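Okay, so here's the structure we're looking at.
Residue numbers (the working numbering): 29 to 445.
Structure representation (structure tokens):
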């Protein structure tokens, strides 16, 4: 999971630095920066997976549109992830709590072409770092003082694993400290992390980090039409963020762990009391699979006759019952198309996904009243148009709140926006 995000001059994020929990809810008015905050993760994932130009082109024809107020020529992003225990166990005398990835993207002064201006992967020891916003502000929301760069100063116990050097070779340093180092000249448009040698014996943490960033950052955009249609044979049983392979995923759960499947059905029955079970049917003529929903007393409904809301309920509650649900999932406004009772079940499932992380945006008082205050990040715009982000527990507008009325009612009355 991602434990920290930093952004400098990215879209409406003039400067932000925030720690993240495994389950986080982003609230705020329209155009307050929630989608931009999520896009810091998606952009880095696209950059490492598909390259710099693809990451930019999928958002805008020109890089300048992604830079704060279209001014300047560089943006910077940072993401940190905690190091898994099995990776840290490889080190005899070192303990690294997290892996930090820093990147600066801008335009080359001479040619104007898009380029990676700086890039580093660092292994960090356990260091307690104060978060911004601890002191009481005289004005709220207000712009924070932005640093010149997000590049962290070299501290004690910090190990550099990847370092892109402009105009020179990109360097890769053996994490174990016992082997030889690599050095390549990749050029200004190729990510050093994306081209990290696939050698887990020398780069165990960086290799894991690269895979998580390239393949583990997923924007959940459910496609109701594809979810209803039969799924072709050969589909992976790993949860797809568009929901197109639900039959295969559900069939795998029933086969591997019938008790998990039963617990999932029990959760769904809180919303659909006449639900009996869900069957995965395979068409003999072409091996395509589709869902059949069994309702009491004896009604069987194929997936192409099921409502959008019910299919969405299935897709958003399923992750809590998957062993292989890993990575970070970005979900915008899950409340759309769901009854409040169904939404409560969805939130209960998404907040208990085990190894996965869920970050979601919402405009729903039901969502806000269901989750804990520690899980809520409030988004505001300052007078300059920059986004300010504060946890609800540090929100000055809630300083006199004693727990009643619930936060959902306060949000509905615009106290949090």
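Glycine is no exception: its CB is placed at the ideal position from the N, C-alpha and C atoms.
Note that the structure is a prediction, hence the values are computed from the model and not measured.
{"Check": "Status (buried if at least 16 other CB within 10 Å, exposed otherwise) for residue 61", "Outcome": "buried"}
{"Check": "Where residue 233 sits in the DSSP three-state scheme", "Outcome": "helix"}
{"Check": "DSSP three-state assignment for residue 30, whether helix, strand or coil", "Outcome": "coil"}
{"Check": "Any non-hydrogen atom of the ligand FMN closer than 6 angstroms to residue 64 Cβ", "Outcome": "No copy of the ligand FMN occurs in the structure displayed, which carries no ligand at all."}
{"Check": "Integer-rounded CB distance, given that residue 104 should sit under 8 angstroms from residue 142", "Outcome": "In fact, because the Cβ distance is near 14 angstroms, the residues do not count as touching under 8 angstroms."}
{"Check": "Coarse secondary structure for residue 190, derived from DSSP in three states", "Outcome": "strand"}
{"Check": "DSSP-derived helix/strand/coil call for residue 136", "Outcome": "coil"}
{"Check": "Inter-residue CB distance, residue 46 and residue 404 (contact presumed, cutoff 8 angstroms)", "Outcome": "Rounded, the Cβ-Cβ distance is 12 angstroms, inconsistent with contact."}
{"Check": "Residue burial classification, residue 74 (beta-carbon count within 10 angstroms, cutoff 16)", "Outcome": "buried"}
{"Check": "Beta strand (DSSP E) runs contained entirely in the segment 359-428, provided each spans 3 or more residues", "Outcome": "384-390, 404-409 and 415-419"}
{"Check": "Environment of residue 170 [buried if 16+ CB atoms lie within 10 Å]", "Outcome": "exposed"}
{"Check": "Neighbour-count burial assignment, residue 240, 16 or more Cβ in a 10 Å radius", "Outcome": "buried"}
{"Check": "Cβ separation of residue 389 and residue 63, assumed to be a contact under 8 angstroms, to the nearest whole Å", "Outcome": "7 angstroms"}
{"Check": "Any beta strand (DSSP E) of 3 or more consecutive residues that is wholly inside the segment 196-229", "Outcome": "198-200 and 210-212"}
{"Check": "Whole-angstrom distance between residue 269 and residue 249, CA atom to CA atom", "Outcome": "6 angstroms"}
{"Check": "Residue from 369, 90 and 302 with nearest C-alpha to residue 325", "Outcome": "302"}
{"Check": "Which of helix, strand or coil DSSP assigns to residue 38", "Outcome": "strand"}
{"Check": "Span of the beta strand (DSSP E) around residue 309", "Outcome": "303-310"}
{"Check": "Inter-residue CB distance, residue 199 and residue 150 (contact presumed, cutoff 8 angstroms)", "Outcome": "Incorrect: roughly 13 angstroms between the Cβ atoms, too far for contact."}
{"Check": "Within 7 angstroms, strictly: CB atoms of residue 31 and residue 89", "Outcome": "no"}
{"Check": "Identity of the residue in 363, 410 and 197 nearest residue 42 by Cα", "Outcome": "410"}
{"Check": "Euclidean distance between Cα positions of residue 425 and residue 221", "Outcome": "41 angstroms"}
{"Check": "Reduced DSSP secondary structure (H/G/I, E/B, other) of residue 261", "Outcome": "coil"}
{"Check": "Opening and closing residue of the alpha helix (DSSP H) in which residue 289 lies", "Outcome": "286-297"}
{"Check": "DSSP-derived helix/strand/coil call for residue 177", "Outcome": "coil"}
{"Check": "Residue environment, residue 53, which counts as buried when at least 16 other CB atoms sit within 10 Å", "Outcome": "buried"}
{"Check": "Residues that DSSP places opposite residue 330 in a beta bridge", "Outcome": "320"}
{"Check": "Straight-line gap, residue 92 to residue 266 (C-alpha atoms, nearest Å)", "Outcome": "36 angstroms"}
{"Check": "Contact under 7 angstroms by Cβ, residue 320 with residue 328", "Outcome": "yes"}
{"Check": "Paired residues, beta bridge with residue 61 - DSSP", "Outcome": "According to DSSP, residue 61 bridges with nothing at all."}
{"Check": "Where residue 48 falls: helix, strand or coil (DSSP)", "Outcome": "coil"}
{"Check": "Reference residue 336, options 204, 245, 257 and 205, closest by Cα", "Outcome": "257"}
{"Check": "Boundaries of the alpha helix (DSSP H) in which residue 104 is found, first to last residue", "Outcome": "That residue, residue 104, is in no alpha helix (DSSP H); its beta strand (DSSP E) goes 102-110."}
{"Check": "Three-state class that DSSP yields for residue 355 in the structure shown", "Outcome": "strand"}
{"Check": "Residues bridged to residue 146 (per DSSP)", "Outcome": "132"}
{"Check": "Start-to-end residues for the alpha helix (DSSP H) that takes in residue 252", "Outcome": "252-256"}
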